[in-house]
Amino acid sequence: MSTVTEYKKKDFVSDQEVRWCPGCGDYAILAGVQQVFAGLGVAKEDFAVISGIGCSSRFPYYMNTYGFHTIHGRAPAVASGVKIANPELDVWVITGDGDALSIGGNHLIHAMRRNLNIKVLLFNNRIYGLTKGQYSPTTSPGLVTASSPYGSLDQPFNPIAVALGANASFVARTVDTQPKHLKEVLKAAHAHKGFAFIEILQNCVIFNDKVFDHIVDRSVRDDRQVDLRDGAPMVFGKELDKGVRFADNGIELCAADEASNWDAAEATSADAMRLCQGSETAEIPVPIGIFKAIERPVLEEEIHAQIAATTEKLGEGTLESLLNAGETWDID
Amino acid sequence: MSTVTEYKKKDFVSDQEVRWCPGCGDYAILAGVQQVFAGLGVAKEDFAVISGIGCSSRFPYYMNTYGFHTIHGRAPAVASGVKIANPELDVWVITGDGDALSIGGNHLIHAMRRNLNIKVLLFNNRIYGLTKGQYSPTTSPGLVTASSPYGSLDQPFNPIAVALGANASFVARTVDTQPKHLKEVLKAAHAHKGFAFIEILQNCVIFNDKVFDHIVDRSVRDDRQVDLRDGAPMVFGKELDKGVRFADNGIELCAADEASNWDAAEATSADAMRLCQGSETAEIPVPIGIFKAIERPVLEEEIHAQIAATTEKLGEGTLESLLNAGETWDID
Amino acid sequence: MTPTQEIPLQQVDDVVIRFAGDSGDGMQLTGNQFTNTSALMGNDIATFPDYPAEIRAPVGTVFGVSGFQVRFSSNDIHTPGDQPDVLVAMNPAALKVNLADLKEGGTLIVNTGNFGDRDLAKAHYDSNPLDNAEELADKYNYIAIDLNQATLDAVADCGLTNKQALRSKNLLALGMLYYAYSRPFDTTEKWLATKFSKKPEILDANLKALHAGAVIAENSEFFAIKYKVGSAPLAEGTYRNMGGNAALAMGLVAGTQLANLNLFYGSYPITPASDVLHALARYKNYGVTTFQAEDEIAAVCSAIGASWAGSLGVTGTSGPGLALKGEALGLSVMIEQPLIVVNVQRAGPSTGMPTKTEQSDLNQALYGRSGESPLPIVSCSSPGDCFEAAIEAVRIAVTYMTPVILLSDGYIGNGAEPFLIPDISSLPEIKNAFAEEGDTRKPFDRDPKTLARPWIKPGTPGLEHRVGGLEKAEGTGNVSYDAENHERMVLMREAKVAGIADSYKPLEVFGEESGDLVVLGWGSTYGAIRSAVERCHNKGMKVSQVHLRNIWPLPSDLKDVLSKFDKVVLPELNRGQLNRLIRAEYLIDTISLPKIQGKPYGGAELFAHFQKILNA
Amino acid sequence: MTPTQEIPLQQVDDVVIRFAGDSGDGMQLTGNQFTNTSALMGNDIATFPDYPAEIRAPVGTVFGVSGFQVRFSSNDIHTPGDQPDVLVAMNPAALKVNLADLKEGGTLIVNTGNFGDRDLAKAHYDSNPLDNAEELADKYNYIAIDLNQATLDAVADCGLTNKQALRSKNLLALGMLYYAYSRPFDTTEKWLATKFSKKPEILDANLKALHAGAVIAENSEFFAIKYKVGSAPLAEGTYRNMGGNAALAMGLVAGTQLANLNLFYGSYPITPASDVLHALARYKNYGVTTFQAEDEIAAVCSAIGASWAGSLGVTGTSGPGLALKGEALGLSVMIEQPLIVVNVQRAGPSTGMPTKTEQSDLNQALYGRSGESPLPIVSCSSPGDCFEAAIEAVRIAVTYMTPVILLSDGYIGNGAEPFLIPDISSLPEIKNAFAEEGDTRKPFDRDPKTLARPWIKPGTPGLEHRVGGLEKAEGTGNVSYDAENHERMVLMREAKVAGIADSYKPLEVFGEESGDLVVLGWGSTYGAIRSAVERCHNKGMKVSQVHLRNIWPLPSDLKDVLSKFDKVVLPELNRGQLNRLIRAEYLIDTISLPKIQGKPYGGAELFAHFQKILNA
Ligand SMILES: Cc1ncc(C[n+]2csc(CCOP(=O)(O)OP(=O)(O)O)c2C)c(N)n1
Ligand SMILES: Cc1ncc(C[n+]2csc(CCOP(=O)(O)OP(=O)(O)O)c2C)c(N)n1
Ligand code: SF4
Ligand code: SF4
Ligand SMILES: [Mg+2]
Ligand SMILES: [Mg+2]
């Protein structure tokens, strides 16, 4: 593909009017992605941004790249076809908690399992935005919504745990309103060879306003989040003076210098599993950052290698060889 | 529901001819289930056995209970409706690795998340049997099948890990040819209040013969399996003289008396996650038994409690009250 | 504070008002208030909400315009009207989108407070359209008023921020129209009091704005005449204002009550069907369970499971969701158990225009499954009619042990009209035929009249058996690959569905039994066709109307009824889907009137078509 | 060891043999060997494999019977024949299921070695049907032989266990028939040598059994006459034996080669379509990628993605799987990109009878999507014809930028016939119209002739744009909720598909251009109709045949062609789905001949129908 001149963020801004509610967390994510794309050294025409249906899934319209606003829940399946057909494309999937985890759950976990080199950004606002506010598979029990007038009864998924169970090779979490962290995580995802899953905590001002405030609000953020960085100790707090460590097969708070080192490459993801499922209201901080990053075979590479090997062995097929294969006889 | 006289296995044998291949592992599972059902103290008419499509999914025809052979992948969704509509039924889902994890993956993980009191038996033969032998989402890479003439490239799911990621409240594994273990696990699943997921390693003599022999063959079984029992040490070997323990966030072999105790109730399932993903060919034995058993709210109970509470508050609705609710006016 | 009357009061029959503004301007709410007030005054009413796909599109954009049209009348009316008599435009975008529809000589109320340069730019106006005030005044009763400022003034002492205060401007506009059309305030006052019971300062501001609107209207003499619209000659009885989706939900509940069944509604949200889920979720004390499934397939499958377990399983969706349910519908046809699939249609194909209406899923309802899988189709003709149609769907599903598709659409689902609360005794009897312990019928034995099989639910001792999607042997229901059995079963399922037509009431013809033209319609075109046909009658044209409640199987008397007219015309909000069916069935050279613009037919529009056809 | 000829050798034209036994008895393999050998001898051939749903049903059961019928002829034939001349029944169940079909006077070979009490019980025989040997001998050339024992004897010195040895009994039966019909052994010998190259003792046993069969047949004088079937008057050229699913796969590959595209096949296994996936998985050196998706939805979506990325996306399935693809097909209609959906139909509804054939998905193909979503439908008429049909599907998809449904069915998918290898120069040109950097067309600008939009693939600099399932503005393809635009786009998509008919070759009428009766067919009924019509011609009846390659849009000359006949009859393996379409389109009072038994029409059966219709 072509070589790339430096881009500016604005090169990735399309001519379409943005149609999210004023104050929606999606704006910040859009800006972050546009900035990151500008700096990846990838030619603009080589980005393929693919989404399902939902507020979040309108994203491709606002990106001045190739974009495909598919149907509800199916973006990972479409993206799989795109990536296998043309591995040179830089394929990004934009999806919501309903799109990805409700109707699209199966495609998502299968894409994770197969480890295609695709990046999936899940905008988790714990609600169905576009259809006007029904509870989603990440909604906390008790929430009164349009479809749960007496309070939702469903137990939610933990998106990170689902991804670990499905053996996604890169699993991370970031926040709409933390642009620096967001961009770092996106860059790491891009650098990862294989499937990358990024949960982005996103605020829906209309139907689930402030749902993450107890974790992400400026006033509590430093004490309520611990940023997982591979090989680094799990420290947090404004002064990075607090730590988290594994002990007795559990997690506990500790001083910064006693914090366990985070190992994102641990193959079974057991520790990631332990970390991601803490209570959001307990004193142990909520982990963001990179839960997992391991290398394993990338499907589209394997496919094309097998094609190459077979072609090498059998020779390139032609119409001639196609028609005349097998046992034939002549009538004359 | 009615009180129950003691049943014999034959009471659960239907009048339909069994149509599996001679030697298929499904026969042994059928016999085990019939025996277990006979002893559960549940009236015959209260069993609802529901399946998708596949060799395994023909199971309901052979059970002399109410049975529903639905469509491919959808049994958990049908079963959810059955259980919510009539919580008094004892609902069992029979499915295969293709049915449950390929086309039906999403329904399965959502049923797990919701924690309906349903028992799911997944017959894992790592192949699509009924459609004549294509690789499935549990097939090991490299296998030559009808649809992978040059070897399958897909990385498989680990069904136990998927279930842990989706937060199933009961997760177990057993083996077609180990009737005692099979029956114990089925009984434990039945005793569990909530969703129970049981992976059953099952041999398909036609398309994937002996795929589990390195784990389940009589000659290696004792050394290649460790049975997870809640609260008991993880020991194995013919003389139960070998053990497994957690160490340094990994797993290692040890003497029986140094084996770690197994805790199936650990809420984050981190240890279960670590255990379930070992290599099948390494020296650490493959765990069977109960990986996880925790209590959490059961959806159909919550639903009916909410209905009861609302009815208590608003009074039982009648046609009268239905029609005349809201603001009305008279024309005369 | 009721304004005194100084200006002339004129009686009119029929008024159409359209409120248009930003999604955030509260236009739906304003329209609903006007509707409820008018309904309680005894007017006949019809409404047409038309809102954008975006939840809250950026302020001032053309695609963010939200409209609500209400028609109120002293006559019996059938549509929300063609051209509005009054247009309220809260900003330039609203003006741009709606002005062309306003009747010449109608009243145009424009909120000049939102016509700054940025507002104009957002609506892609090059110059301010209000600059041509004279032109506007020539053409309309043009009322330019800064509603923003007026609202700020009116609520100045409520202690609100400007932003909060401005939220009441819709009520100020409403007050103006209440004045002009002599509406009482009490309904809206009561509603506000409940809604803002915990926010007294907001309540106060809203009340002040509402009354200020009336005062301004009076003092400014914006309206040269005040209008009065008498009450409509509706049938005697008790009424309530009823939206289509709410009526449909109520009909489903009523149907299950009549059949002595619990209702299980498995659904996945989708516009414009979600409101059925929302409505049913509130009926917990009526034996209703709602299950928000992970997708449409799980939704229909859960409903199939619930029916198997002995509830009435219902699922609801819109077009693309119906496509996903096709495979499971085949299963339902095969196992012959009650199931209702509600499809509130929207404009397709694919995601299409989700907030716009269409009737283009009829083909899918008829044929969107593999194999020969006939099932009955029932359709709703107006918001209130959704109630009766839903009961009919329940009757058929339960009586004939069959899945039923119930077709509504966004236009009637979101619309509203006065609903005459029926006598309970007038509702049909519906018998659920559960097999009891000791029943000796085999699972696929059939009722000789309906050809329905028994409904045997798990938990019934002694009747254990298996069902499934494979072809089954007559009687036992065991799996069968026998060639003749398959043909017999296909024919049996076909005959069972065909036989449902025997249970229909005779078709009603509106107008003469024979004539030059019969208009055959289905679904939401009912009102527009009725208006147009009434107009034809007024002009002495020999035009009649036949409107289908049951689309499949077609009524047995339909062919006969149609044959008495020279021409058969079918207006549809699609490319002629019913038309194709009628042609194939009866080999009549029908005239199709397709319209596929995401919006309903108007009465005048159809009248013009009919005239042209008759003159051709 | 070729048996010497002592008994008379008679020339016959046309022979039908049916092999029937347990699923494990190797009947499919035996049939295939007979087929290949006969094909290589220059006979025309047609086959009909008919196997159970069970992979390996318990031995000896009726539902476990596997059958393979092969017809070979010195004439040009079109079906695998109605009644077999020879039936080989390997066990009681096979006899039970098949005997009724055997022609009176035909040859019945029964393996008496499998008629023990347990075998009889498994087939639910109360008494041994062979006890009436005389009756059998009266009616048939009845050959009772213990094939088990004969095989054990024949391979006694191969060092096999009894169980292994018995596996060769099918070859012994084959040898008998090779003798009776004067077939050479070399094709089968070669095949065995390859297959068992690593198991010499098995190879040896099989060869011994094959030859022993011939010897036994000769020595026993089981056959009073030996037959010879001359080579058929097939067109000159090189032939290969070709199964339908294999031909379809080959056609897809050829089509993409012609269009200079890579082929991406996303599929989920389902009977009887899986073999297309299996075949394509072997074409890796032809630029073919196969992707076994997690379900049918993912399969079609991956294909849509691949097309977007610049490959030809194809997906394949059978009825219930097509239902699942409906929503995505709507998307494909909306974004107007090439896509092929192969549907190898099976008997429905629902899971139905997966291994039986039917043509009952035509309605679903036409209408199984929400909204107005027309797309072209191409159909295959015979196993070999699948090749050409697939190329036609590629041509239409690529030329018109549209999804195409390609209909085959289990009967032709699993059947086989000699296939004349075409001249490459006779294959159509197909032009892929990718937009290149610098192209100034907008994404939804259209080719004035085809109305196709440009194919712009990601990776092309400067042409970045967005597509999706929402309605789009003419030209730009940006999202549009505009009423008039929607109607224009709906009409445009309709017109584009309708215009495809302009590219068809003129219809061929087999028989006179006018007459008493025209038989209009589509798909796999081709052969049976052709046989029946040939028979009509032989009897001087004025019957002609028109068979559709393209079902939608219908050929523009079809109405005209049909109008030249008094009667139009449509035989279909469904309840009249094409019939309904033809009636709606042309308002002709057609005669539907529906058959829905999971099995194909026979020529004689149809001939009888035609005769009756003409005499009515
Ligand atoms: C097949 C189908 N079913 C349902 C819908 C309706 N629908 C559109 S978006 C959506 C959920 C959106 O939620 P989420 O993915 O969380 O996105 P958000 O709007 O919150 O960003 C639903 C149910 C649809 N478009 N298509
Ligand atoms: C919608 C649909 N797609 C595909 C199929 C074909 N099909 C039937 S069973 C099956 C897979 C069976 O595999 P598994 O669940 O592992 O069961 P097994 O036969 O191995 O027990 C498939 C693909 C189908 N019946 N329906
Ligand atoms: S509804 Fe919520 S998620 Fe959607 S655009 Fe508005 S704020 Fe954002
Ligand atoms: S194919 Fe395999 S799984 Fe299916 S019945 Fe036969 S042995 Fe069992
Ligand atoms: Mg969301
Ligand atoms: Mg399997």
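Line by line, the protein sequences give chains A, B, C and D.
For reference, each letter of the first sequence is one residue, going 1 to 332 in the numbering used here.
For reference, each letter of the second sequence is one residue, going 333 to 664 in the numbering used here.
For reference, each letter of the third sequence is one residue, going 665 to 1280 in the numbering used here.
For reference, each letter of the fourth sequence is one residue, going 1281 to 1896 in the numbering used here.
Each residue gets a CB set at the ideal place from its N, CA and C atoms; glycine is no exception.
Checking 8 Å against the spacing of the C-beta atoms, do residue 1005/C and residue 989/C come in under that value?
yes
Would DSSP call residue 905/C helix, strand or coil?
strand
Of the residues that make up the stretch 611–633 of chain B, which ones have a beta carbon closer than 8 Å to any beta carbon in chain A?
Within the stretch 611–633 of chain B, those residues whose Cβ lies closer than 8 Å to any Cβ of chain A are, in chain order, 628, 629, 631.
Taking buried to mean at least 16 other C-beta atoms within 10 Å of its own C-beta, is residue 1877/D buried or exposed?
By the 10 Å Cβ count, residue 1877/D comes out buried.
Does the separation of the CB atoms of residue 612/B and residue 547/B fall below 8 Å?
yes
So, at 7 Å on beta carbons, what are the nonlocal neighbours of residue 1568/D in its own chain, with the 5 sequence-adjacent residues on each side left out?
Result list for residue 1568/D: 1533, 1543, 1545, 1560, in chain order.
Alpha carbon to alpha carbon, how far is residue 521/B from residue 44/A? Give it in angstroms, no decimals.
54 Å
Is there at least one non-hydrogen atom of ligand 5 closer than 7 Å to the beta-carbon of residue 127/A?
yes
Going along the chain, which residues of the stretch 393–410 of chain B sit with their C-beta nearer than 7 Å to a C-beta in chain C?
For the stretch 393–410 of chain B, which is checked against every Cβ of chain C, the residues closer than 7 Å are 393, 396, 397, 398, 399, 400, 401, 402, 403, 406, 409, 410.
At which residues does the alpha helix (DSSP H) containing residue 1500/D begin and terminate?
Segment 1480–1500, the alpha helix (DSSP H) holding residue 1500/D.
When we look at the beta-carbon of residue 1282/D and count the other beta-carbons within 10 Å, is it buried (16 or more) or exposed?
Model confidence at residue 1282/D stands at a pLDDT of 45, short of 50, so the residue's coordinates are unreliable; what they give is reported in the following sentence. Per the 10 Å Cβ criterion, exposed.
Output yes if chain B places a C-beta closer than 8 Å to the C-beta of residue 1707/D; else output no.
no
Tell me whether residue 165/A sits in a helix, a strand or coil according to DSSP, three-state version.
helix
Is there at least one non-hydrogen atom of ligand 1 closer than 7 Å to the beta-carbon of residue 1931/D?
Beyond the ends of chain D as shown, which are 1281 and 1896, falls residue 1931/D; an answer cannot be given.
So residue 11/A and residue 53/A are supposed to be a Cβ contact under 8 Å. How far apart are they, rounded?
The Cβ separation is near 27 Å, so there is no contact.
From the DSSP output, in three-state form, read off residue 1210/C for me.
strand
Are residue 1163/C and residue 998/C touching if we call contact CB-CB under 8 Å?
One thing to note: residue 1163/C has its Cβ no nearer than 8 Å to the Cβ of residue 998/C.
Determine the extent of the beta strand (DSSP E) in which residue 1315/D is found, giving its start and end residues.
Element bounds for residue 1315/D: not the beta strand (DSSP E) but the alpha helix (DSSP H), 1307–1320.
When DSSP labels each residue in this structure, what does residue 1072/C get in the three-state scheme?
strand
Measure from the alpha carbon of residue 1422/D to the alpha carbon of each residue in 1500/D, 1430/D, 1474/D, then state which is nearest.
1500/D
What are the complete beta strand (DSSP E) segments, minimum 3 residues, inside the stretch 1837–1866 of chain D?
1845–1852
How far does the alpha helix (DSSP H) with residue 1381/D in it reach, from first residue to last?
Where residue 1381/D is concerned, there is no enclosing alpha helix (DSSP H), given that its DSSP letter is neither H nor E.
Ligand 6 and residue 468/B: does any heavy atom of the ligand fall closer than 7 Å to the residue's C-beta?
yes
Is residue 1879/D close to chain C? Criterion is C-beta to C-beta, closer than 8 Å.
Under the Cβ criterion of 8 Å, residue 1879/D is counted among the residues facing chain C.
Cutting at 8 Å between CB atoms, please list the residues of its own chain near residue 144/A, excluding the five before and the five after it.
150, 151, 152
Report yes if the C-beta distance between residue 875/C and residue 1191/C is below 8 Å; otherwise report no.
no
Just the C-alpha distance for residue 591/B and residue 571/B, rounded to the nearest angstrom, thanks.
14 Å
Hey, quick one: how far does the alpha helix (DSSP H) through residue 855/C stretch, first residue to last?
850–859
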